[in-house]
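Asker: Sharing a structure, written as structure tokens. Questions coming.
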Amino acid sequence: MKEEIVNKAKYIKLLILDVDGVLTDGSIILDNTGNELKMFHVRDGHAIKMLKKVGIKVALISGRKSHVVERRAEELGIIEVHQGIFKKSAVYESLLQKYKCNDAETAFMGDDIVDIELLKRAGLSAVPADADEGVKKWAAFISTKKGGRGAVREFIELILKSSGLWDKVSGESID
Numbered sequence: 005m006k007e008e009i010v011n012k013a014k015y016i017k018l019l020i021l022d023v024d025g026v027l028t029d030g031s032i033i034l035d036n037t038g039n040e041l042k043m044f045h046v047r048d049g050h051a052i053k054m055l056k057k058v059g060i061k062v063a064l065i066s067g068r069k070s071h072v073v074e075r076r077a078e079e080l081g082i083i084e085v086h087q088g089i090f091k092k093s094a095v096y097e098s099l100l101q102k103y104k105c106n107d108a109e110t111a112f113m114g115d116d117i118v119d120i121e122l123l124k125r126a127g128l129s130a131v132p133a134d135a136d137e138g139v140k141k142w143a144a145f146i147s148t149k150k151g152g153r154g155a156v157r158e159f160i161e162l163i164l165k166s167s168g169l170w171d172k173v174s175g176e177s178i179d
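Mapping of the sequence shown onto our numbering: residues 5 to 179, in sequence order.
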């Protein structure tokens, strides 16, 4: 791991995640009755709970609106859920103000061109392994895992290990 990335990860107080392509594999399944289905990886969810347990805030910003995302966020205790947001920078700025963070204390993981602005701005930026190729160059960290398949977990482990908090939460059951 690059020393520069580890040094940035030590100061993170807020993690902001895109949803489709990051917390999910980007697939949108619609059934015959109009229900939308998405798959989330359980280890990504567990890692989010570990991060929250040590006091790091978590927020979701998605360009789409989905009841499934609301439900998953509720299960994980994420209260900052912003959906239907195409211009993510305004929400990003309001989150920084609300939680008294600056760019250097903020991590962001996205996967597509609408995420480039936040990838450029966040103190620690990341993308899943299967992010858009043109987007990867804006990320400090490229996960070895795909979106919806553990990329978020890998990024959160980096943050927790870099800040010396991994041992505090890795051996515990997170409810």
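Cβ coordinates follow ideal geometry from the N, Cα and C atoms, glycine included.
In the DSSP assignment, what are the bridge partners of Phe90?
Answerer: Partner(s): none; Phe90 has no beta bridge.
Asker: Work out the CA separation of Lys14 and Arg186 for me, nearest whole Å.
Answerer: Any question about residue 186 goes unanswered here, given that the chain covers just 5 to 179.
Asker: Any chance the region 108-126 sits against the region 12-27, with 3 or more Cβ pairs inside 8 Å?
Answerer: The region 108-126, when compared against the region 12-27, does touch it at the 8 Å Cβ threshold.
Asker: Roughly how many whole angstroms lie between the Cα atoms of Ala155 and Val26?
Answerer: Straight-line Cα distance between these residues: approximately 7 Å.
Asker: Among residues of its own chain, excluding the 5 on either side of Val10, which ones have a beta-carbon nearer than 7 Å to its beta-carbon?
Answerer: Closer than 7 Å at the Cβ level, and outside the excluded window around Val10, lie Ser166.
Asker: For Asp29, does the count of other Cβ atoms within 10 angstroms reach 16, so buried, or fall short, so exposed?
Answerer: It counts as buried.
Asker: Return the chain-ordered list of same chain residues with a C-beta closer than 6 Å to the C-beta of Leu99, the five sequence neighbours on each side being excluded.
Answerer: Only Ala63 meet the Cβ criterion.
Asker: From the DSSP output, which residues share a beta bridge with Val131?
Answerer: Its beta-bridge partners are Ile146.
Asker: In this structure, how does DSSP classify Ala111 when only helix, strand and coil are distinguished?
Answerer: Reduced to three states, the DSSP call for Ala111 is strand.
Asker: With Leu18 as the anchor, note down where its beta strand (DSSP E) starts and where it stops.
Answerer: Leu18 to Leu21 is the extent of the beta strand (DSSP E) around Leu18.
Asker: Measuring alpha carbon to alpha carbon, tell me which of Gly49, Lys140 and Met54 ends up nearest Ala77.
Answerer: Among Gly49, Lys140 and Met54, the Cα nearest to that of Ala77 is on Gly49.
Asker: Please list the terminal residues of the continuous alpha helix (DSSP H) segment that includes Ile163.
Answerer: Per DSSP, Ile163 belongs to the alpha helix (DSSP H) from Ala155 to Ser166.
Asker: Need the endpoints of the beta strand (DSSP E) that Lys61 sits in, please.
Answerer: Its beta strand (DSSP E) spans residues Lys61 to Ile65.
Asker: Nearest CA to the CA of Ser147: which residue from Ser129, Ser70 and Gly81?
Answerer: Closest option to Ser147, Cα to Cα, is Ser129.
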